[in-house]
Amino acid sequence: MKKSKEKIIEKYRILLNLFENYREENIRCLAIISNSNLEGKEVVAKNIAMVLAKSGRKTLFIDCSLSKNSRTKYNNSDNARGFVSVVEAISGSRINGLEIKNCIEKTESDYLSVLELGTNNLEKYSPILKKEYLKRTIDVLKQGFDCIVVDAPSFENLSFTQIITSAADGCMFVLKDKVNELNEARNIKEKLNTMGCKVLGCILEKEKKPTKLFKDKYNDFFRTDNKTKKIVESANSSVSPNI
1 MKKSKEKIIE KYRILLNLFE NYREENIRCL AIISNSNLEG KEVVAKNIAM
51 VLAKSGRKTL FIDCSLSKNS RTKYNNSDNA RGFVSVVEAI SGSRINGLEI
101 KNCIEKTESD YLSVLELGTN NLEKYSPILK KEYLKRTIDV LKQGFDCIVV
151 DAPSFENLSF TQIITSAADG CMFVLKDKVN ELNEARNIKE KLNTMGCKVL
201 GCILEKEKKP TKLFKDKYND FFRTDNKTKK IVESANSSVS PNI
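In structure tokens form, the structure reads like this:
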């Protein structure tokens, strides 16, 4: 099992080399997308974020997946602080560094932080989910992190996929082996062409159940320390208090 996991980690490192090749183009925010929630996109996105963090890059993972697991997290409550809170503040020109830190959670990995979506009802936030505000949000977050990985909604929520992905510098598409039929290829390609960012490549997931490289109790993947849950040291002095 250990040997198998090491092979998988090596494949992710090779994948990140592709990401590095685009650094000269200032691509630092990567969105991970898929046709449906059956491809294992969530696990792939988290694995990419963790491997980036393990390589010494200050990494922010933004959970915008809208998957069933993600939606049930909020128990139909829209009071949780998260990505939508930051976007909402920026849209009203009232964001500051402290507000950002209050929304971001630190994990056990020194270089990995998490920003939850903060709601299970994006329809409520449609007025502020505009490319202009999302771009400004990502630009502010970049001031505190080397890399940002966004687990974007699948094409099952295409309108939200398009708007959230438009704020990223580039995106990667996850395909599940034997899930996507060949006759879907044209339809998928057409949807990819509607994304507002550069498509860097495609990830073919061949495992029946994607391997979680760094599993623990937080979201079955990340774990936060309650004492530091709402503090992000890496962003303490590097996030501007103004837009």
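Using full-length UniProt numbering, read the sequence shown as starting at 1 and increasing by one per residue.
Note that the Cβ used here is the ideal one computed from N, Cα and C, for glycine as well.
Query	Result
Enumerate in chain order the residues of its own chain whose CB-to-CB distance from L117 is below 7 Å, with the five nearest sequence positions on each side excluded.	D63, C64, S70, G82, F83, V84
Should N37 be labelled buried (16 or more other beta-carbon atoms within 10 Å of its own) or exposed?	buried
Which residue from E10, T119, A31 puts its Cα closest to that of T165?	A31
CB S113 to CB I104, shorter than 8 Å?	yes
Considering only DSSP beta bridges, list what G170 is partnered with.	L30, K198
Helix or strand or just coil, what does DSSP make of F61?	strand
Note down the Cα distance separating I188 from V174, rounded to an integer number of angstroms.	11 Å
DSSP three-state label for D151, please.	strand
Between the beta-carbon of K142 and the beta-carbon of R57, is there less than 8 Å?	no
How about R33 and T161: do their beta carbons lie closer than 8 Å?	In the sequence under discussion, the amino acid at residue 33 is Ile, which differs from the Arg named in the question. It is a contact, given that the beta carbons lie within the stated cut-off.
Looking at the secondary structure, which residues open and close the alpha helix (DSSP H) in which L134 lies?	131-142
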